[in-house]
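Visitor: One structure is given below, represented as structure tokens, and several questions about it will come after.
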Amino acid sequence: KNPVQEFPLPKGKRPRGGINSAGVWGEELFATHSEYGLARWRLDKPGERAELMFEEITRTHKTTRSVVINDQGILFFASGSHLYSVDLKQRRLAVTSWKPNLQGSITSIDVSGDVVAVAGGDDTSGSVMAWRTEKPDGGSLRIGDTVQLAYVDQARDALNGDKTAYEEISGGNEEVIAQIKALELDE
Numbered sequence: 068k069n070p071v072q073e074f075p076l077p078k079g080k081r082p083r084g085g086i087n088s089a090g091v092w093g094e095e096l097f098a099t100h101s102e103y104g105l106a107r108w109r110l111d112k113p114g115e116r117a118e119l120m121f122e123e124i125t126r127t128h129k130t131t132r133s134v135v136i137n138d139q140g141i142l143f144f145a146s147g148s149h150l151y152s153v154d155l156k157q158r159r160l161a162v163t164s165w166k167p168n169l170q171g172s173i174t175s176i177d178v179s180g181d182v183v184a185v186a187g188g189d190d191t192s193g194s195v196m197a198w199r200t201e202k203p204d205g206g207s208l209r210i211g212d213t214v215q216l217a218y219v220d221q222a223r224d225a226l227n228g229d230k231t232a233y234e235e236i237s238g239g240n241e242e243v244i245a246q247i248k249a250l251e252l253d254e
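In the working numbering, each number is its position in the sequence shown, counted from 1, plus 67.
Now the structure itself:
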């Protein structure tokens, strides 16, 4: 018989509520909590306190809710009105962020195949949004010695088709500064 095992949050905070959502990928357990953010535990180490992930992102938002992991190992979590995705198959995790046109915070996420759905709102409104992510249909890429790869969201509907890609990304500025959040995971 398998006993129920506890996976505690870190010490140091007095949370007002409990865990919002949890998900499992391989030998890791992930959960969201509004005061703590996104937490991670190893399933083979019950009783050990959680490691908090992406604190630089989650501490800037009032809430962190909902975590979903799809069959390809992509973890989605919501912090405030932003949706983040993390590729768990890669041991170096790059975070991709979307900000759906949603009033208030995201409270729920669901992913099925290439469809992502979010629900949320504020005290006066609520809404549900869904969109398809696109997969490349072909082509090749040669990577030079000095190239560092990054991912750009494929939400083309939000782009102005009368502008070049550079004009749209730069907002008319001569220089573009990009920040990529990454985290090395222990094996």
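The beta carbon of each residue, even a glycine, is placed where N, CA and C say it ideally should be.
Return the chain-ordered list of same chain residues with a C-beta closer than 8 Å to the C-beta of residue 95, the five sequence neighbours on each side being excluded.
Guide: Same-chain partners within the cutoff: 107, 108, 109, 110, 155.
Visitor: If you measure between the beta carbons of residue 132 and residue 75, is that distance less than 8 Å?
Guide: Against a cut-off of 8 Å, the Cβ pair of residue 75 and residue 132 comes out as no contact.
Visitor: Mind checking which residues open and close the beta strand (DSSP E) that includes residue 95?
Guide: Counting along the chain, the beta strand (DSSP E) containing residue 95 begins and ends at 95-100.
Visitor: Using DSSP's beta-bridge definition, name the partner residues of residue 150.
Guide: Answer is 145, 165, bridged to residue 150.
Visitor: Are the beta-carbon atoms of residue 88 and residue 153 separated by less than 8 Å?
Guide: No.
Visitor: Determine, using beta carbons only, whether residue 178 and residue 143 come nearer to each other than 8 Å.
Guide: Yes, Cβ-Cβ distance for residue 178 and residue 143 is below 8 Å.
Visitor: Determine the burial state of residue 185: buried for a count of at least 16 other Cβ atoms within 10 Å of its Cβ, exposed for fewer.
Guide: Classification for residue 185: buried.
Visitor: Go to residue 122, then tell me how far its alpha helix (DSSP H) extends in each direction, as first and last residue.
Guide: Element bounds for residue 122: 122-125.
Visitor: State yes or no: is the C-beta of residue 101 within less than 8 Å of the C-beta of residue 124?
Guide: Taking 8 Å as the Cβ cut-off, residue 101 and residue 124 do not qualify as a contacting pair.
Visitor: Under 8 Å, do residue 200 and residue 212 count as touching if we go by C-beta distance?
Guide: Not in contact: residue 200 and residue 212 (Cβ atoms no closer than 8 Å).
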